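This note's numbering puts the first residue of the sequence shown at 263, with every later residue one more than the last. Here the structure comes first, spelled out in structure tokens, and everything after it is commentary.
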Amino acid sequence: MNDDFSEDTRPSDANSGSRKPNPPERRFNWWWIYLLFFAFILVPSFMNNFSSSKEISWQQFEKDILSRNAVDKIELVNKETAEVYIKREFAKDSAFKDVFKPSFGGGLNAGPHYSFTIGSVETFEQKLDEGEKKYNIAQAIPVTYVNKVNWFWNILGWVLPFVLIFAFWNFLLRRSGGMGMGAGGTSVFNFGKSTATLVEKQKSNVSFNDVAGLEEARQEVMEIVDFLKNPESFTKLGAKIPKGVILVGPPGTGKTLLAKAVAGEAQVPFFSISGSEFVEMFVGVGASRVRDLFKRAKEKAPCIIFIDEIDAIGRSRGKGAFLSGSNDERESTLNQLLTEMDGFGTNSGVIILAATNRADMLDPALLRAGRFDRHIYLELPNLKEREEICKVHLRPLIFDHTLDLHFLAAQTPGFSGADIANICNEAALVAARKKKDRVDKSDFLDAIDRTVAGLERKSKIISPEERKIIAYHEAGHAVVSWLLRNVDPLVKVSIIPRGKSLGAAWYLPEEKQLKSETAFTEHLCATLGGRAAEEIVFGEVSSGGLDDLEKVTKEAYMMVAYYGFNKKIGNVSFYDSTGQRDMSIQKPYSEETGRLIDEEVRKLVADAYIKTKELLKQYLDSLKQVAELLLKREVIFKEDLENILGTRNDENIDGKKVKEKITNPALA
Ligand code: ATP
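Below you can see the structure in the form of structure tokens.
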């Protein structure tokens, strides 16, 4: 993906491996061909310009030349053009000075000096006779008839169509596969060549300093770099250098960044390529590119090859063939990669680093020991890591130094490194828009809201009735989630439309690795709170709960079919962590079990809905107060809910009261 590796093919003089790198390949520069071609066209016409005669009309010829008896001879070329030669004695005459100007060779221009187009030979001869008589020219002007062939334009007429077809074909090839090309780009002549970008040592400006968190991943990757730098310290004990390392993790967790840092830190050449760059519309090109990449890498060994988004070529062979037809090109590319990584040829000193966020899709042959031996899993950053990532991305910003980074990190649970980088940039944009001289806490909070829920759309037209429904819906979520212990703490509720949503409630998820059945059930209740509030207050529900229902359905199916929370289904899970099974085609359970799952899910959701409604009926006054406050202020915070419902803290008397109310038999 975002590859900003700069290309540099200069030889590295102090390559620290035992082998000296070969000098960089000299690629033939096709600009020479283009230059020669243009020279071929332009020079003759340029020369032609020098010797060319001046174009005139018959009238000018008769009046200025014939009348003075200055014509030495006339040549009729191809019965079309009359080329006029002027007598030498007129060379100094001011009227003819121009046409006698010295030609390239130095002497006077030998002619033809003038030319004009004739209608037909007969009329020309007749007119010339009449002219000679009219101006008393005693000696008839010699007229010769010649045929001249312009070989240059003739050849060009033949060659040009071929050149144009060739150029068009080349252009199409570049367009079809040449996006983001590294060295050389794609053309007819290097179509099967690898497009990997080579970063020589010390040419990447990203270092491990720019990678926050990811401590374990960093250590593993550093070890690889050490292998390449000091292979002896490992090989003397008999250890073999690993062949491949695969970085696996959700999008934006820093896989490409880590690879860039390796390029910056490793003192070895680094080839970077994206998996999709191998695949072309022609079968065999991908395999040829893989071969070429490994050939180039072996010449530069010790070195690292980085293949980003390897799932583009490494997807399980034969998978999906049933639906989409097998992809020969991708499979042959993958086969070539497998062979190169573990074939007969030795790859000593070439380590392959790959990144993907779909490890489950990869072919098992690619992941087996001997190919990608090491799997490094990158996860979404935890609180401490997010704080460190914030620090890295705050470096270029001018920000208020009283800013509490811990607080900021706490506001971004579930965010990836890329999200945090985006929020820091967004906060700077918000501050700049407000003409502030430094970025402060409120800008960061605005940026987070914007990233999570989209841009505020205050201009959206919402009728007072709809606004009331939205307020009660959001108040329903707020009240239920406030009253249930295991739901994440609420931060604020808003009825200002943002992005696609008409209102939203913000929660601060706690970073827990495990979630109990009660937590799941209470979460279902909190999600259904909006719909339940609408039914209690207005007597009917609206379409506004679509998103809630979608979440509830997914969660309920997970509880029943994956987590084994349902007594009737029992302790079984139909989850497929390998991703090898296509659930939409082939269900891993019988029809009867499928029916039972559907029944149990429906029962689970119905129970949660009844519980939610009972809770809200019990707290109807509070619900109304929260909704009215929302209608008045549009955004309300945790403190406002505390004023209405009491604090959520267990030690607090109000909290205890709340807890007592929750343990009401209706909810048990
Ligand atoms: P994808 O799987 O979508 O390709 P990725 O894991 O390769 O994503 P990167 O491209 O490495 O993600 O990360 C995107 C951006 O996020 C980086 O350029 C960087 O600004 C930021 N980022 C991600 N993780 C970190 C981190 N650990 N420290 C600092 N910045 C990070």
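Even for Gly, the Cβ is constructed at its ideal location relative to N, Cα and C. Source: prediction; values computed, not measured.
8 Å Cβ cutoff met for residue i and residue j
{"i": "residue 776", "j": "residue 732", "result": "no"}
{"i": "residue 702", "j": "residue 656", "result": "no"}
{"i": "residue 858", "j": "residue 830", "result": "yes"}
{"i": "residue 640", "j": "residue 515", "result": "yes"}
{"i": "residue 592", "j": "residue 575", "result": "yes"}
{"i": "residue 505", "j": "residue 635", "result": "yes"}
{"i": "residue 320", "j": "residue 358", "result": "no"}
{"i": "residue 910", "j": "residue 751", "result": "yes"}
{"i": "residue 795", "j": "residue 734", "result": "yes"}
{"i": "residue 393", "j": "residue 324", "result": "yes"}
{"i": "residue 481", "j": "residue 549", "result": "no"}
{"i": "residue 578", "j": "residue 624", "result": "yes"}
{"i": "residue 486", "j": "residue 682", "result": "no"}
{"i": "residue 755", "j": "residue 822", "result": "no"}
{"i": "residue 315", "j": "residue 397", "result": "no"}
{"i": "residue 759", "j": "residue 710", "result": "no"}
{"i": "residue 536", "j": "residue 571", "result": "yes"}
{"i": "residue 896", "j": "residue 757", "result": "yes"}
Distance between residue j and residue i (C-alpha atoms, nearest Å)
{"i": "residue 327", "j": "residue 384", "result": "21 Å"}
{"i": "residue 815", "j": "residue 743", "result": "18 Å"}
{"i": "residue 749", "j": "residue 787", "result": "9 Å"}
{"i": "residue 645", "j": "residue 904", "result": "26 Å"}
{"i": "residue 343", "j": "residue 547", "result": "56 Å"}
{"i": "residue 638", "j": "residue 299", "result": "54 Å"}
{"i": "residue 347", "j": "residue 401", "result": "16 Å"}
{"i": "residue 884", "j": "residue 778", "result": "28 Å"}
{"i": "residue 497", "j": "residue 530", "result": "18 Å"}
{"i": "residue 473", "j": "residue 855", "result": "48 Å"}
{"i": "residue 737", "j": "residue 532", "result": "56 Å"}
{"i": "residue 520", "j": "residue 730", "result": "50 Å"}
{"i": "residue 419", "j": "residue 688", "result": "59 Å"}
{"i": "residue 768", "j": "residue 653", "result": "24 Å"}
{"i": "residue 832", "j": "residue 538", "result": "44 Å"}
{"i": "residue 693", "j": "residue 705", "result": "6 Å"}
{"i": "residue 872", "j": "residue 797", "result": "11 Å"}
{"i": "residue 789", "j": "residue 811", "result": "8 Å"}
{"i": "residue 390", "j": "residue 431", "result": "54 Å"}
{"i": "residue 708", "j": "residue 894", "result": "21 Å"}
{"i": "residue 596", "j": "residue 556", "result": "14 Å"}
{"i": "residue 561", "j": "residue 602", "result": "14 Å"}
{"i": "residue 422", "j": "residue 350", "result": "41 Å"}
{"i": "residue 671", "j": "residue 433", "result": "49 Å"}
{"i": "residue 772", "j": "residue 494", "result": "47 Å"}
{"i": "residue 677", "j": "residue 620", "result": "19 Å"}
{"i": "residue 888", "j": "residue 879", "result": "14 Å"}
{"i": "residue 540", "j": "residue 558", "result": "15 Å"}
{"i": "residue 311", "j": "residue 534", "result": "Because the pLDDT of residue 311 is 49, which lies under 50, any placement of that residue in the model is unreliable, and the question is left without a value."}
{"i": "residue 747", "j": "residue 766", "result": "20 Å"}
{"i": "residue 332", "j": "residue 403", "result": "10 Å"}
{"i": "residue 800", "j": "residue 835", "result": "40 Å"}
{"i": "residue 851", "j": "residue 866", "result": "20 Å"}
{"i": "residue 898", "j": "residue 839", "result": "41 Å"}
Cβ-based burial, residue i [other Cβ within 10 Å; buried from 16]
{"i": "residue 340", "result": "exposed"}
{"i": "residue 807", "result": "buried"}
{"i": "residue 586", "result": "Reliability fails at residue 586, whose pLDDT of 48 lies under 50, so the model's placement of it is uncertain and no value is given."}
{"i": "residue 700", "result": "exposed"}
{"i": "residue 930", "result": "Confidence at residue 930 is low in this model, with a pLDDT of 28, below 50, so its placement is unreliable and the value that follows should be read with caution. Exposed is the call here."}
{"i": "residue 416", "result": "exposed"}
{"i": "residue 932", "result": "As displayed, the chain neither begins before 263 nor continues past 930, which places residue 932 out of reach and without an answer."}
{"i": "residue 369", "result": "exposed"}
{"i": "residue 881", "result": "buried"}
{"i": "residue 409", "result": "exposed"}
{"i": "residue 376", "result": "buried"}
{"i": "residue 938", "result": "The chain is shown from 263 up to 930; residue 938 falls before or after that span and cannot be answered."}
{"i": "residue 774", "result": "exposed"}
{"i": "residue 901", "result": "exposed"}
{"i": "residue 428", "result": "exposed"}
{"i": "residue 780", "result": "exposed"}
{"i": "residue 745", "result": "buried"}
Distance between beta carbons of residue j and residue i, contact taken as under 8 Å
{"i": "residue 566", "j": "residue 615", "result": "6 Å"}
{"i": "residue 611", "j": "residue 563", "result": "3 Å"}
{"i": "residue 907", "j": "residue 741", "result": "7 Å"}
{"i": "residue 528", "j": "residue 490", "result": "6 Å"}
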